[in-house]
Amino acid sequence: MPRPPQDQSLRFTISHRSASTRGRVGVVETPHGSFDTPAFMPVGTRGSVKGLLPELVRATGAQIILNNTYHLLLRPGPDLVEQMGGAHRFMNWPGPILTDSGGFQAFSMADINALDEDGVSFKSIVDGSKVRMTPESAIDAQNKIGADIIMAFDDCPPAKDPGQAPPNLVRQKGTAGVAKLDEGVYARRVREANERTVRWLERCIGAHARPAEQALFGIVQGGTDPDERAWSAERICNYDLPGFAIGGVAVGESSEEIARVVAHTAPLMPEDKPRYLMGVGYE
């Protein structure tokens with residue numbers, strides 16, 4: 023498996039380690055400033071944090087904001103954000119920004135028309151038009167949006183039991199519905215997603231046009247299966263990327279299940295790289 027050179031777009035310094043746990047305290051430096059870890063990112067999904075001016079967001083102590091590629095792709099579009107000077111000028115936010123790739127939203131919020139090796143087709147929640155997302159288009163959109171940290175486009179499988187999903191989360195049409203998945207069906211779907219996520223990461227790396235300015239993070243998947251989590255972590259973390267994320271743990275699982283999966287997965291990831299735990303803000 024190829025190992026591309028590490029990007030120079032991010033620096034992570036660990037200042038303290040817990041003597042009793044694997045906890046770390048550190049600082050992440052980006053082209054638009056630094057933020058302390060652990061960090062909570064206010065969600066500016068569509069390019070703004072609802073109800074707050076940027077200076078009020080800063081006054082809360084927030085140091086980094088999250089945007090979402092799926093929503094910005096649909097409206098106003100990455101080309102317009104780029105024309106406005108990128109996300110930082112578009113939002114009037116001078117600090118670090120992270121963009122999720124939009125993969126989770128494409129899989130969970132929209133009626134999926136087609137999922138194949140190339141990408142995902144779905145119906146826009148804005149105007150009902152057909153939208154196609156691929157690893158290449160997701161990275162291109164994030165390059166135009168201009169966040170400091172960008173995420174690989176991954177295949178995010180549904181929860182085995184969606185009963186604990188956030189109330190605003192619509193399950194994958196025809197895949198999860200509202201019923202618990204059969205064990206065999208779930209296992210096959212997780213393995214398929216794991217293998218595809220690795221292949222898509224390779225394509226994301228190849229499509230990334232701004233590695234010196236934007237840090238690309240790979241995403242570890244694997245559902246709630248410890249063996250699949252280990253399989254994914256070994257392969258995703260084999261790439262010399264600036265950081266990594268734990269994905270697919272806030273798609274319907276209980277808080278206890280999320281904690282179990284994270285406790286198993288985090289030690290499998292590089293000790294000297296930042297780790298992004300995706301989607302757990304509602305917890």
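Count the sequence shown with my numbering and you get residues 23 to 305, in order. Backbone N, C-alpha and C define an ideal beta-carbon position, used for all residues, glycine too. Small disclaimer: the values here were computed from a predicted structure and weren't measured.
Considering only the beta carbon of each residue, do residue i and residue j sit closer than 8 Å?
i, j, result
"P264", "A237", "yes"
"G124", "C178", "no"
"G108", "I167", "yes"
"T35", "V49", "yes"
"P157", "A231", "no"
"V242", "G206", "no"
"T91", "A136", "no"
"L290", "A252", "yes"
"V283", "V271", "yes"
"S70", "E235", "no"
Can you have a look at residue i and say buried or exposed, based on whether 16 or more other CB atoms are within 10 angstroms of its CB?
i, result
"P24", "Low confidence applies here, because P24 scores a pLDDT of 37, under 50, leaving its location unreliable; read the following figure in that light. The residue is exposed, with fewer than 16 neighbouring Cβ atoms inside 10 Å."
"R297", "buried"
"R33", "exposed"
"A267", "buried"
"K182", "buried"
"T43", "exposed"
"E250", "buried"
"R211", "buried"
"G122", "Looking at the sequence shown, residue 122 is not Gly but Asp. Counting Cβ neighbours within 10 Å, D122 comes out buried, since at least 16 surround it."
"Q164", "buried"
Rank the options by C-alpha distance to the C-alpha of residue i and give the top, closest one.
i, options, result
"A174", "H110, E224, V153", "E224"
"R68", "L95, S42, T52, L75", "L95"
"E279", "Q127, G245, K295", "G245"
"K295", "A163, I258, A281", "I258"
"E139", "Q105, W222, S254", "W222"
"P233", "D176, S70, N260, T52", "T52"
"H38", "S31, Q30, D58", "D58"
"R213", "E235, P180, G240", "P180"
"I227", "N216, P248, E217, G240", "G240"
"V142", "S254, A281, A215", "A215"
"D149", "V103, Y261, H93", "H93"
Less than 7 Å between C-beta atoms, sequence neighbours within five positions excluded: which residues of the same chain meet that for residue i?
i, result
"M63", "I86, I87, L88, L120"
"G66", "I87, L88, N89, M113"
"A61", "Q85, I86"
Near residue i, which residues of its chain fall below 8 Å by C-beta distance, leaving aside the five closest residues on each side in sequence?
i, result
"V56", "In the sequence on display, residue 56 carries Ser and not Val. Once the five neighbours on either side are set aside, the close Cβ partners of S56 are V49, V50, Q85, P118."
"H54", "H110, P116, G117, P118, I119, D170"
Within its chain, find whatever has a CB closer than 6 Å to the CB of residue i; leave out the 5 residues flanking it on each side and keep chain order.
i, result
"M300", "A267, G269"
"Y208", "K182"
"P248", "H286"
"V302", "A272"
At least 3 beta-carbon pairs within less than 8 Å: the region 70-87 vs the region 112-121: yes
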